[in-house]
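Each residue of the sequence shown is one higher than the one before, counting from 0 in numbering that gives the first Met the number 0.
Backbone N, C-alpha and C define an ideal beta-carbon position, used for all residues, glycine too.
Let me begin by presenting the structure, written as structure tokens, before commenting on it.
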Amino acid sequence: MGGHADAEAFSTELAALKRDGCNVLVVSDAAGRDAACQRLLGAPELDRRHVFLETASGVSEVLDRHSPRRTDASTLAVVDATPAARARSAAAAASASDDLPTPLGEWYDRVDDPTDFAALTAAVTDALDRVAAPADNPSELRLCVDGLDPFFDAVRAGDVTEERLFRFLHLLTSSVRDADGMGHFHVAASADDAFLATVEPLFDATLSVETGDDGTVRQRWRLHDSGHVTDWFAF
């Protein structure tokens with residue numbers, strides 16, 4: 000099987016993935032990244048529960064993406080694996096703002112070493128279990144991993160092996176499927192093709208996002224089981 004998927008076939012297959020639990024690899028340019036993330040987090044009026052694993056964005060940015068949904072430990076979890084200096088700065092900014100709750104609540108967890116996959120796995124799976132517990136419907140739970148690039152950099156630097164990274168991502172994607180959730184994992188369009196080829200089989204779909212010279216953001220999906228690929232279409 001494989002080849003082009005029309006709109007109806009694509010919608011049917013994607014709906015089935017959402018019902019069963021699925022994970023999407025989001026390969027995007029910088030300008031198109033936020034549009035893809037917002038779409039995959041689900042519209043604010045829908046009842047969605049979010050877990051964020053942050054390797055680059057600060058707490059304030061996460062809360063902006065989560066907004067205007069309520070912020071409590073039953074609907075939100077943030078696992079912060081950003082560099083320590085950035086994490087301290089973001090936490091201080093969030094704490095000082097009248098509009099943002101302190102990041103040191105029940106929904107916030109910090110892992111200082113982003114290559115400590117045992118600690119990251121424990122923190123994220125605990126968060127998924129907690130946030131998924133009240134969920135009633137498939138795909139109500141959403142995981143955002145933002146993003147894979149620092150992990151690829153760690154492999155390139157020799158701090159971790161590709162095998163360890165693969166096992167870590169396998170555990171996360173399996174946890175999302177077990178919870179009938181929907182995970183999406185960001186990676187830059189400039190990422191090493193060899194690294195992408197290593198991790199891509201862990202995902203159910205690849206979403207490619209690009210921004211035109213006029214600022215228009217468009218997307219193309221490839222569904223892995225069937226091999227179906229959509230045309231480019233606007234968000």
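Report the rounded CA-to-CA distance for residue i versus residue j, giving the unit in angstroms.
{"i": "A118", "j": "F167", "result": "10 angstroms"}
{"i": "T54", "j": "L62", "result": "15 angstroms"}
{"i": "A72", "j": "G2", "result": "43 angstroms"}
{"i": "A178", "j": "A35", "result": "22 angstroms"}
{"i": "L75", "j": "V130", "result": "7 angstroms"}
{"i": "F51", "j": "D145", "result": "8 angstroms"}
{"i": "L206", "j": "V175", "result": "18 angstroms"}
{"i": "D148", "j": "D28", "result": "13 angstroms"}
{"i": "T210", "j": "A187", "result": "13 angstroms"}
{"i": "P133", "j": "E139", "result": "10 angstroms"}
{"i": "V110", "j": "F151", "result": "18 angstroms"}
{"i": "D192", "j": "G226", "result": "19 angstroms"}
{"i": "A233", "j": "A156", "result": "37 angstroms"}
{"i": "A196", "j": "A190", "result": "10 angstroms"}
{"i": "N136", "j": "W220", "result": "24 angstroms"}
{"i": "L222", "j": "L164", "result": "23 angstroms"}
{"i": "D98", "j": "T124", "result": "Low per-residue confidence applies at D98: pLDDT is 46, beneath 50, and the placement is therefore not dependable, though the value from the model is reported in the following sentence. Going from the Cα of D98 to the Cα of T124 covers about 29 angstroms."}
{"i": "R18", "j": "S10", "result": "12 angstroms"}
{"i": "F116", "j": "L13", "result": "30 angstroms"}
{"i": "T172", "j": "A6", "result": "26 angstroms"}
What does a CB cutoff of less than 7 angstroms around residue i pick up in its chain, not counting 5 residues either side in sequence?
{"i": "P43", "result": "P67 and R68"}
{"i": "H169", "result": "L201"}
{"i": "L40", "result": "R47, H49, R64, R141 and C143"}
{"i": "G31", "result": "V208, E209, T210 and V216"}
{"i": "E199", "result": "L24 and T205"}
For residue i, collect the residues of the same chain with a Cβ closer than 6 angstroms to its Cβ; drop the 5 residues on either side in sequence, then sort them by chain order.
{"i": "D224", "result": "none"}
{"i": "A153", "result": "T114 and V159"}
Classify residue i: buried if its beta carbon has 16 or more other beta carbons within 10 angstroms, exposed otherwise.
{"i": "D299", "result": "An answer regarding residue 299 cannot be provided, because it is not within the stretch 0 to 234 covered by the chain."}
{"i": "G104", "result": "exposed"}
{"i": "W106", "result": "buried"}
{"i": "W231", "result": "exposed"}
{"i": "A126", "result": "buried"}
{"i": "Q218", "result": "buried"}
{"i": "G214", "result": "exposed"}
{"i": "A122", "result": "buried"}
{"i": "S56", "result": "buried"}
{"i": "A15", "result": "exposed"}
{"i": "D112", "result": "exposed"}
Where do the N-terminal and C-terminal ends of the beta strand (DSSP E) with residue i fall, by residue?
{"i": "D5", "result": "Per DSSP, D5 belongs to no beta strand (DSSP E) and is neither H nor E."}
{"i": "A76", "result": "L75 to D79"}
{"i": "T205", "result": "A204 to T210"}
Output the boundary residues of the alpha helix (DSSP H) element that contains residue i.
{"i": "A187", "result": "Here A187 belongs to no alpha helix (DSSP H); instead the beta strand (DSSP E) covers M181 to A187."}
{"i": "S56", "result": "Careful: S56 lies outside any alpha helix (DSSP H) and carries neither H nor E."}
Using 8 angstroms as the cut-off, classify the Cβ of residue i as near or not near the heavy atoms of the ligand COA, replying yes or no.
{"i": "E162", "result": "No copy of the ligand COA appears in this structure; indeed no ligand is present at all."}
Should residue i be flagged as near chain B, meaning a C-beta pair shorter than 9 angstroms?
{"i": "A76", "result": "Considering every chain present, this structure includes no chain B. It has just one protein chain."}
With a threshold of 8 angstroms on Cβ separation, who are the neighbours of residue i within its own chain once the five nearest residues in sequence on each side are excluded?
{"i": "Q37", "result": "R64"}
Problem set entry | Touching by the beta-carbon criterion (3+ pairs, under 8 angstroms), the region 166-185 and the region 16-32 | yes
Exercise. Would you call the region 154-162 and the region 73-80 in contact, with 3 or more CB pairs under 8 angstroms?
Worked result: no
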